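So the sequence lines, in the order shown, correspond to chains D and C. Per the UniProt record's numbering: the first sequence = residues 1 to 164. Per the UniProt record's numbering: the second sequence = residues 1 to 164.
2 protein chains.
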Amino acid sequence: MKTMNFKNIAILLLIGVVSFSCTQKNETKQTSELQNSTVFAKGKKITNDNFTGTVWLENLIQADTLNQNSVGSVTFEAGARSKWHTHPAGQILLAIDGIGYYQEKGQPKKILRKGDAIKCPANIPHWHGASSDTKFIQVAITGREKGETVWLDAVADSVYQKKP
Amino acid sequence: MKTMNFKNIAILLLIGVVSFSCTQKNETKQTSELQNSTVFAKGKKITNDNFTGTVWLENLIQADTLNQNSVGSVTFEAGARSKWHTHPAGQILLAIDGIGYYQEKGQPKKILRKGDAIKCPANIPHWHGASSDTKFIQVAITGREKGETVWLDAVADSVYQKKP
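Now the structure itself:
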């Protein structure tokens with residue numbers, strides 16, 4: 001019986017090692033999964049007052065005489081959003097990750113999810129940002145040929161929180 | 001001894017089940033990882049002869065009077081590439097995943113990796129595609145205000161294979 005007990009303990013240890021190694025592999029996988037989901041660098045924290053909450057910007061393409069579009073990757077922490085604003089030559093938004101909102105003046109708020117693409121018409125006041133509990137990463141493609149973004153009022157909490 | 005053998009078999013089976021379940025979990029993870037890393041849909045296989053190899057296109061934004069840029073996600077299978085071509089209003093490429101190449105006429109081939117952004121000047125002949133052993137996903141932002149893409153010759157294997 002003593003030999004049996006020793007064998008049983010050895011076997012239990014073996015099963016334990018196999019299970020532990022399995023868990024470890026899955027944890028490593030999950031970490032690399034999070035890293036893989038971010039396409040562009042997070043960039044620098046925006047310090048001007050055109051945004052509410054914490055927002056990061058990585059400039060990808062600067063507008064110049066070769067191409068008058070600027071392209072940037074914007075990361076909104078949960079709850080963060082832009083002020084109302086207009087673009088003289090319009091804008092295109094590509095949703096890269098997370099859950100975000102987009103709203104044009106007088107229209108209901110739209111939900112943006114990974115893979116969505118949206119066109120903001122020229123001179124139409126709108127805002128965009130993250131949902132209240134999930135961050136949002138977008139690529140913004142902004143035509144600069146007719147001038148710079150015109151910034152308006154902050155988005156009131158009651159407007160931000162209103163259901164789409 | 002007969003009881004011992006039966007026990008040993010049962011134990012071996014148990015270890016087998018734990019290991020198998022571990023492998024299964026990792027495989028499921030890997031599949032979801034691939035799905036997660038893809039931001040945009042793969043779209044439809046391109047059937048025109050402007051490309052060599054297998055290439056997929058998902059149109060994200062159509063150019064119109066609101067915004068004259070078109071935006072598409074292009075997936076090049078390993079070895080696939082465009083023909084040489086020019087854009088009358090230039091183009092911006094964003095590397096979303098995999099490893100790709102970009103080359104302007106008379107310049108060395110550049111390697112594009114996830115997160116890279118590149119500006120193709122107007123009317124400069126160039127080509128882009130996947131590396132020979134890794135697929136490449138790009139977002140192409142193309143100005144349509146001065147007309148459509150002008151397609152030229154196929155990229156010869158000797159040019160495609162030349163080291164950057």
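Each residue gets a CB set at the ideal place from its N, CA and C atoms; glycine is no exception. It should be emphasised that the depicted structure is a prediction, and the values quoted were computed from it without experimental measurement.
Counting the other Cβ atoms within 10 Å of the Cβ of S82 (chain D) gives 16 or more, which makes it buried.
Cα atoms of L94 (chain D) and A122 (chain D): separation of roughly 17 Å, rounded to the nearest angstrom. For K45 (chain C), the pairing in a beta bridge is given by DSSP as C:W56.
Looking at the backbone, the Cα of K44 (chain C) and that of T38 (chain C) are separated by about 15 Å. Looking at the backbone, the Cα of H87 (chain D) and that of L66 (chain C) are separated by about 12 Å.
Within the segment 114-133 of chain C, those residues whose Cβ lies closer than 8 Å to any Cβ of chain D are, in chain order, K114, G115, A117, K119, P121, A122. Of all alpha-carbon atoms in C:I61, C:A117, C:V71, the one lying nearest the alpha-carbon of G100 (chain C) is that of C:A117. Judged by beta-carbon spacing, V150 (chain C) lies beyond the 9 Å limit of I141 (chain D), meaning their Cβ atoms are not closer than that value. By DSSP's assignment, W151 (chain D) forms a beta bridge with D:H85.
Annotation: the continuous alpha helix (DSSP H) that includes D157 (chain D) extends over 157-161. Residue nearest to K162 (chain C) within the set C:L152, C:G115, C:Q107 is C:Q107 (criterion: CA-CA distance). Ranked by how close their Cα comes to the Cα of W56 (chain D), the residues D:S158, D:K114, D:I111, D:A41 have D:A41 in first place. Not a single C-beta of chain D is nearer than 9 Å to the C-beta of F76 (chain C). As the crow flies, the alpha-carbon of D133 (chain D) is around 42 Å from that of W127 (chain C). Taking the Cβ atoms as the reference, F136 (chain C) lies roughly 4 Å from G98 (chain C), within the contact range of under 8 Å. Comparing alpha-carbon positions, the option among C:G53, C:K105, C:I96, C:F76 lying closest to H85 (chain C) turns out to be C:K105.
At a Cβ-Cβ threshold of 9 Å, E77 (chain C) and A130 (chain C) count as neighbours.
A direct Cα-Cα distance of roughly 22 Å separates S158 (chain C) from R113 (chain C).
Taking C-beta atoms as the reference points, V139 (chain D) and I111 (chain D) fail to come closer than 9 Å. Comparing alpha carbon positions, the residue from C:A63, C:G90, C:E148 closest to A63 (chain D) is C:G90. Neighbours of G90 (chain D) in chain C, taken as residues whose beta carbon is under 8 Å from its own, are L66, N67 in chain order.
Here I46 (chain D) is not near I92 (chain C), since their CB atoms are 9 Å or more apart.
Within chain C, the C-beta atoms nearer than 7 Å to that of A41 (chain D) come from G115, in chain order.
When DSSP assignments are scanned along the segment 59-133 of chain D, no uninterrupted stretch of alpha helix (DSSP H) that is 4 or more residues long falls wholly within it.
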